[in-house]
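In terms of numbering that gives the first Met the number 0, the sequence shown has 151 at position 152, counting the first letter as 1, and numbering is strictly consecutive.
Positions of the beta carbon are idealized from the N, C-alpha and C atoms, including for glycine.
Since the model is a prediction, treat every value here as computed from it, not as a measurement.
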Amino acid sequence: MSAFTYDTNGDMLAEGVALRTIAQQVGTPFYCYSAAALRAGWQEFADGMRGMNASVCYALKANSNLAVIKLFGDLGAGADIVSVGEMRRALAAGIPGRKIIYSGVGKKPSELMAALQAGIGQINVESSAELETLNAVAGQLGVKADITIRVNPDIDAGTHEKITTGRKENKFGIDIDLARDAFALAGRLPNLKVVGVAMHIGSQLTTLDPYRAAIARVRELIVQLRADGHRIGRFDIGGGLGIVYADETPPSIADFLQVVRRETDGLGCELTFEPGRRLVGEAGVLVGEVILVKPGVSKTFVVVDAAMNDLIRPTLYDAWHDIVPVRQPRPNAATIRCDIVGPICESGDYLAQNRDLPALSAGDLVMIRSAGAYGAVMASSYNSRPLAPEVMVDGTRFAVVRPRPTIDEMLSSERFPPWMEKA
Ligand code: LLP
0 MSAFTYDTNG DMLAEGVALR TIAQQVGTPF YCYSAAALRA GWQEFADGMR
50 GMNASVCYAL KANSNLAVIK LFGDLGAGAD IVSVGEMRRA LAAGIPGRKI
100 IYSGVGKKPS ELMAALQAGI GQINVESSAE LETLNAVAGQ LGVKADITIR
150 VNPDIDAGTH EKITTGRKEN KFGIDIDLAR DAFALAGRLP NLKVVGVAMH
200 IGSQLTTLDP YRAAIARVRE LIVQLRADGH RIGRFDIGGG LGIVYADETP
250 PSIADFLQVV RRETDGLGCE LTFEPGRRLV GEAGVLVGEV ILVKPGVSKT
300 FVVVDAAMND LIRPTLYDAW HDIVPVRQPR PNAATIRCDI VGPICESGDY
350 LAQNRDLPAL SAGDLVMIRS AGAYGAVMAS SYNSRPLAPE VMVDGTRFAV
400 VRPRPTIDEM LSSERFPPWM EKA
């Protein structure tokens with residue numbers, strides 16, 4: 000059940016708190032996360048993994064608010080990171096270095112050095128060049144780096160072209176046909192210890208077949224690698240499990256884990272999962288206020304104070320996010336066809352197009368669903384709009400977990416070059 004439902008008075012609640020109350024105290028737009036929903040997603044993984052030699056490293060890129068990371072960390076999660084910034088967040092939220100996996104196609108020597116100094120548990124290497132660099136950096140530090148090699152199993156995950164990663168033509172991982180050479184190289188490099196194989200085939204997957212096919216391919220590779228003399232003890236399956244935005248029917252976490260269990264049976268590998276979106280997506284919403292309504296000839300524009308800088312997914316991926324009024328419409332209320340747009344000076348600044356929504360007017364609040372993943376983290380301050388604050392609700396409590404910066408704070412990091420300063 001969603002954590003965001005109308006109460007009997009028709010007010011949209013986040014768990015036990017009215018979004019209207021938060022809006023009054025925090026202002027709009029704001030992101031709101033339900034702690035109960037975050038915990039529920041985690042619990043599904045925990046239940047499904049019972050009896051499996053497996054662990055979850057939450058993919059911070061989906062939502063890296065410290066409070067969100069800490070919630071998962073306190074429940075036992077590790078972290079999947081892609082930058083030193085994310086590493087610092089994971090550590091600051093209390094996740095120990097040994098439970099952190101460092102992924103990414105282009106890690107700089109300075110970043111690899113920082114990761115090794117922090118005792119990061121596993122580095123997922125994506126190219127031969129990175130193997131050499133990491134070996135050199137580990138040598139400088141006098142340590143041995145635990146690595147997996149991420150292979151690209153050339154499987155079409157059937158997702159949006161900008162978020163698919165498991166095809167040959169994508170930049171990610173080492174082509175599965177070239178993987179044995181890469182493992183051979185890793186085996187020769189003295190400061191690397193190969194511990195396993197990694198994959199990640201894409202994001203927002205709504206069927207399990209691509210996982211089945213990819214795991215089967217990697218499984219064959221693992222058998223070959225072992226015959227080549229490598230000790231492959233870990234299999235990192237990546238993330239990618241989809242959520243509901245519109246009418247998708249993504250598999251349950253239990254079904255996903257069941258498939259993985261079956262496909263990896265007898266392989267004797269410790270498994271790692273790197274879910275991001277599935278743990279946070281539906282647990283978060285974006286709330287905005289209607290600034291004005293502008294009737295046009297073909298459709299009506301509802302201009303709200305949340306914009307593409309707050310949530311870029313509709314503009315960037317043609318993503319569909321459900322939008323509902325925070326005040327429940329009367330049953331059978333008439334609808335009008337409208338675009339929900341932000342105030343930014345770009346035609347691409349919309350949150351939804353051609354939606355049939357009950358009549359809205361200035362001052363009404365709207366809630367954009369499934370915005371907990373790749374929402375706040377992808378926000379910018381374009382048009383000098385302050386980043387929307389983030390709020391966490393837990394039962395009847397709520398707290399601002401990232402405040403809205405003031406304009407003064409935004410300006411304070413910039414400066415005039417000395418030659419422009421007055422004498
Ligand atoms: N592991 C790796 C190596 C990844 O590249 C990703 C996501 C994940 C795990 C987590 O995937 P998830 O479980 O969240 O699907 N901004 C896009 C999504 C980009 C995903 C990139 N990689 C969006 O808004 O749809």
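Check the Cα spacing between Gln352 and each of Val301, Glu420 and Ile252: the tightest is with Val301. Counting only residues of its own chain and dropping the five nearest sequence neighbours on each side, Ser379 has a CB closer than 6 angstroms to the CB of Asn308.
For Pro313, the enclosing alpha helix (DSSP H) starts and ends at Arg312 to Tyr316. Checking the 7 angstroms criterion, the Cβ of Leu240 is within range of a heavy atom belonging to ligand 1. In the three-state reduction of the DSSP assignment, Tyr373 falls in the coil class, being assigned neither a helical nor a strand state. The beta carbons of Pro152 and Val217 sit closer together than 8 angstroms. Fully enclosed beta strand (DSSP E) runs of no fewer than 3 residues occupy 269-272 and 283-294 of the stretch 245-300, in order along the chain. In the DSSP secondary-structure assignment, Ala197 is bridged to Arg149 and Asp235. As a beta-bridge residue in DSSP terms, Ala53 pairs with Leu270.
Phe71 counts as buried, since no fewer than 16 other beta carbons sit within 10 angstroms of its beta carbon.
Distance between Ala332 and Arg354, taken at the CA atoms: about 15 angstroms. Closest in alpha carbon position to His199, among Gly362, Glu85, Arg326 and Ile214, is Ile214. For Met86, the enclosing alpha helix (DSSP H) has its first and last residue at Val83 to Ala91. Burial is judged here by how many other beta carbons sit within 10 angstroms of a residue's own beta carbon; Ala185 has at least 16 and is buried. DSSP, reduced to helix, strand and coil, places Ala226 within a helical segment of the structure shown. Closest in C-alpha terms to Phe29, from the list Ala36, Glu43 and Ala13, comes Ala13.
For Thr271, the number of other beta carbons within 10 angstroms of its own is at least 16, and it is reported as buried.
Ala253 and Ala45 have their C-alpha atoms spaced approximately 10 angstroms apart.
For Ala58, the three-state secondary structure derived from DSSP is strand.
Beta-bridge pairing by DSSP links Ala78 to Tyr57 and Ile99. Ranked by how close their Cα comes to the Cα of Ala375, the residues Val124, Gly265, Leu59 and Thr395 have Leu59 in first place.
By the Cβ rule, the stretch 250-266 does not count as touching the stretch 379-397, because fewer than three pairs are nearer than 8 angstroms.
Rounded to the nearest angstrom, the Cβ distance from Ile231 to Ile221 is 5 angstroms, consistent with a contact under 8 angstroms. Looking at the backbone, the Cα of His229 and that of Ser369 are separated by about 42 angstroms.
Residues Val302 and Ala361 of the same chain have their beta carbon placed closer than 7 angstroms to that of Leu291, with the five preceding and five following residues left out of the count.
In this structure Lys98 is buried. Its beta-carbon is surrounded by 16 or more other beta-carbon atoms within 10 angstroms. Taken through DSSP and simplified to helix, strand or coil, Gln327 comes out as coil. Judged by DSSP secondary structure, Leu37 falls within the alpha helix (DSSP H) whose first and last residues are Ala34 to Gly47. For Lys192, the secondary structure class from DSSP, reduced to helix, strand or coil, is strand.
The beta-carbon distance between Asn64 and Gly138, rounded to whole angstroms, is 36 angstroms. This is too long to meet the 8 angstroms contact definition. Here the alpha carbons of Leu310 and Pro294 stand approximately 24 angstroms from one another. In the structure shown, Val243 adopts coil according to DSSP, grouped into three states.
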